[in-house]
Amino acid sequence: MPDAGLKSKIFKFLKIIFCSFLITVLLLFTVASIRTLSLDVNVGLQLARWEKTNNISLVIDHHQREELLTNFKEAIRIPTVSFSKTEVNTTALLEFDRFLRKAFPTVFSSSLVHHELVGNYSHLFQVQGSQPDLVPYLLLAHIDVVPATESDGWEAPPFSAKEMDGFIYGRGTIDDKGSLMGILQALEYLLIKGYAPRRGFYIGLGHDEEVSGLNGAKNIVRILKQNGVQLAFVLDEGLVVLDGIISGLDGPAALVGVSEKGSSIVKLSVSVLPGHSSIPPTETCIGILATAVKRLEENPMPRLFGLGPERDTFEHLAHKFKLPMKFVMSNLWLFSPLLGRLLERKLSTNAFVRTTTAVTMFNAGVKVNVIPSLAEAYVNLRIHSAQSLQEVMDLIHATVADQRVKIELVEGFDPLPVSSADEKSFGYQIIKKTVLDMFPTVTVAPGIFPANTDSRHFKDLTSNIYRFFPVWFKPGDPQRVHGINERISKKNYEELVLFYFNLIQNCDIQKLPEPHSSVHDL
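For the sequence shown, the numbering used here assigns the number 1312 to the initial residue and increments by one for each residue that follows.
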């Protein structure tokens, strides 16, 4: 009975395959379960013995509170708007310079502080340390803001600094006069209390960050390079404390940006002979270009979740989720493709997954009865850490696939290098410690900043650039940045001052403690 023997062999073979599959699944499930129960990458240096320092405490009394809020409001009322790379409000910038000198007299008069005006409107402060062998760091912020008009729908005039329900409303309250004023106010208090840092540091205040920082931050970098300065780390604006924004997360999360997406502006154009609308061609330049744009929108850039720093973000947050998400996020070595598919379904999380494509301008036509000779569109892409600018350009050409469409790179740059966030990363761990000392219930995690900051210009001075300030965002708040009704609570602004007050002192340690790790790597 050869057929019976053959069937028996096939059955045995299938049985072996099934059993092997079952064993593999069981093994994977066991490993994943152990990792889910044991993974907590947040423990680290929290259990270590930190070097003891004699930190000065800050208790803000009623008079100080009124003074610091008055100063902050005055900063908001000065309309330091950057309209374009060639148009900034120089009158307001000069007024802001005079205001800073009045608001922080000790900073500008202290023998420990050297101040330099850069590019006419930006500022560079060097705070001398008592131990020159300790590598200095840089705190970065910017003076300028984006335009805002009350007619856009603001509940209060955007440069009024009006106080409502415990919040101060105004353009720049978050981006970025909150951190700017917080840094200088913290230093003012420290100097008044007789503080002299062991580790020297710099404060850089750019005046044109909103239009690429070419005259402000870039000139600050030039001066530091001329002086042979290398930095331990840079801390700039960026990610924040998210409270109730990440669905399913138990408690708030402070995300510290360890990189920025790259950026590019690409121009698409089609040129044809003009004509009369009564004798139209089969396709107009508008139709050709519209088809190209539609192809770009219908064919998004490839899914790259798990290949950039976003993987670390979710692993750091995993223990704060309930099952089954805790199981999935603790095992991204296994579930990255699945989580990537889930994240791309929401606009708010799609940016974690890929290079985003946004058609922002479309120009064509001069008259209703004239076939136009030219149609142009501009596309803004924010480039994922796992891609390069050149790879993005190649994909645009392949997707459009039409020789009639001219594709030009107007400007762009690659994603920024990913800064370290491990237990040996001085800057990251100091930021984390400062956050946890102030907000013990917060989970701190590295993240990717989807926009761009002045800090990108400093990559030759340090490999450790972080983008974070402890502004608290609740649902609806992210849309306020560059939008309407930008605001910060009085309590949160005071927390910004305390954060920088403590951070500066925490940086005075010689080195980080030896790590205590509970991470299980696969």
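Beta carbons: idealized from backbone N, C-alpha and C, even for Gly.
None of these values were measured; they are calculated from a predicted model.
For residue i, which residues in the same chain have their Cβ closer than 7 Å to its Cβ, ignoring the five residues on either side in sequence?
i            : result
residue 1697 : 1615, 1618, 1619
residue 1407 : 1389, 1391, 1454
residue 1718 : 1577, 1579, 1707, 1708, 1711
Along the chain, where does the alpha helix (DSSP H) that runs through residue i open and close?
i            : result
residue 1812 : 1801 to 1817
residue 1376 : 1373 to 1388
residue 1437 : Where residue 1437 is concerned, there is no enclosing alpha helix (DSSP H), although the beta strand (DSSP E) it sits in stretches over 1433 to 1438.
residue 1651 : 1643 to 1654
residue 1402 : 1401 to 1414
residue 1506 : Element bounds for residue 1506: n/a, residue is neither H nor E.
residue 1258 : Any answer about residue 1258 is impossible in this case: the structure gives the chain only from 1312 up to 1833.
residue 1530 : 1528 to 1537
residue 1636 : 1636 to 1640
residue 1747 : 1737 to 1749
residue 1664 : 1658 to 1664
residue 1363 : Here residue 1363 belongs to no alpha helix (DSSP H), and DSSP marks it neither H nor E.
residue 1729 : Element bounds for residue 1729: n/a, residue is neither H nor E.
residue 1823 : Unbroken run through residue 1823: none, as it is neither H nor E.
residue 1770 : Here residue 1770 belongs to no alpha helix (DSSP H), and DSSP marks it neither H nor E.
Count the other C-beta atoms from every protein chain shown that fall within 10 angstroms of the C-beta of residue i, then say buried if there are 16 or more, exposed otherwise.
i            : result
residue 1462 : exposed
residue 1376 : exposed
residue 1764 : buried
residue 1634 : exposed
residue 1672 : exposed
residue 1373 : exposed
residue 1590 : exposed
residue 1557 : buried
residue 1722 : exposed
residue 1596 : buried
residue 1488 : buried
residue 1781 : buried
residue 1860 : Past the edges of the chain, shown from 1312 to 1833, lies residue 1860, and the structure says nothing about it.
residue 1665 : buried
residue 1628 : buried
residue 1447 : buried
residue 1412 : exposed
residue 1486 : buried
residue 1773 : buried
Taking DSSP's pairing of strands, which residues face residue i in a bridge?
i            : result
residue 1574 : 1693, 1724
residue 1479 : 1474, 1799
residue 1778 : 1547, 1568
residue 1717 : 1580
residue 1465 : According to DSSP, which records beta bridges pairwise, residue 1465 is partnered with nothing at all.
residue 1332 : Beta-bridge pairing links residue 1332 to no other residue.
residue 1681 : 1587
residue 1784 : 1553
residue 1686 : 1581, 1675
residue 1398 : 1395
residue 1370 : Answer by DSSP bridge pairing: none, since residue 1370 is not bridged.
residue 1457 : Note: residue 1457 sits in no beta bridge, so no partner.
Short of 6 Å in beta carbon distance, which residues of its chain neighbour residue i, apart from the five on each side in sequence? Order them along the chain.
i            : result
residue 1459 : 1469, 1482
residue 1555 : 1785, 1786
residue 1687 : 1580, 1674
residue 1808 : 1493, 1496, 1497
residue 1546 : 1450, 1777
residue 1740 : 1356, 1823
residue 1437 : 1425, 1513
residue 1783 : 1552, 1554, 1803
residue 1527 : 1430, 1433, 1517, 1518, 1519
For residue i, I'd like the list of residues in its chain whose CB is within less than 8 Å of its CB, leaving aside the five on either flank, ordered along the chain.
i            : result
residue 1607 : 1668, 1670, 1690, 1707, 1710, 1711
residue 1588 : 1679, 1680, 1681, 1682
residue 1835 : Given a span of 1312 to 1833 for the chain in the structure shown, any question on residue 1835 remains unanswerable.
residue 1725 : 1573, 1694, 1699, 1700
residue 1592 : 1583, 1586, 1682
residue 1865 : In the structure displayed, the chain extends from 1312 to 1833; residue 1865 sits before or after that span and is not available.
So residue i is in the beta strand (DSSP E); what residue range does that whole segment cover?
i            : result
residue 1754 : 1754 to 1760
residue 1630 : Counting along the chain, residue 1630 falls outside any beta strand (DSSP E), and DSSP gives it neither H nor E.
residue 1512 : 1512 to 1517
residue 1668 : 1667 to 1675
residue 1450 : 1448 to 1453
residue 1395 : 1393 to 1395
residue 1424 : 1424 to 1429
Beta carbon of residue i: closer than 7 Å to some heavy atom of the ligand MG?
i            : result
residue 1825 : Here there are no bound small molecules, and the ligand MG is not part of this structure.
Worksheet item: Do the segment 1561 to 1572 and the segment 1757 to 1771 touch if we need at least three Cβ pairs shorter than 8 Å?
Response: yes
Worksheet item: Between the segment 1496 to 1506 and the segment 1521 to 1530, do three or more beta carbon pairs fall short of 8 Å?
Response: no
Item to complete: Spell out a yes or no on whether the segment 1817 to 1827 and the segment 1507 to 1520 are touching, meaning 3 or more CB-CB pairs, one atom from each, closer than 8 Å.
Response: yes
Practice prompt. Report yes or no: do three or more beta-carbon pairs, one from the segment 1525 to 1542 and one from the segment 1464 to 1480, lie closer than 8 Å?
Written response: no
Fill in: Inter-stretch contact at 8 Å, needing at least 3 Cβ pairs: the segment 1797 to 1813 / the segment 1357 to 1375
yes
Worksheet item: Are three or more beta carbon pairs between the segment 1658 to 1665 and the segment 1793 to 1800 nearer than 8 Å?
Response: no
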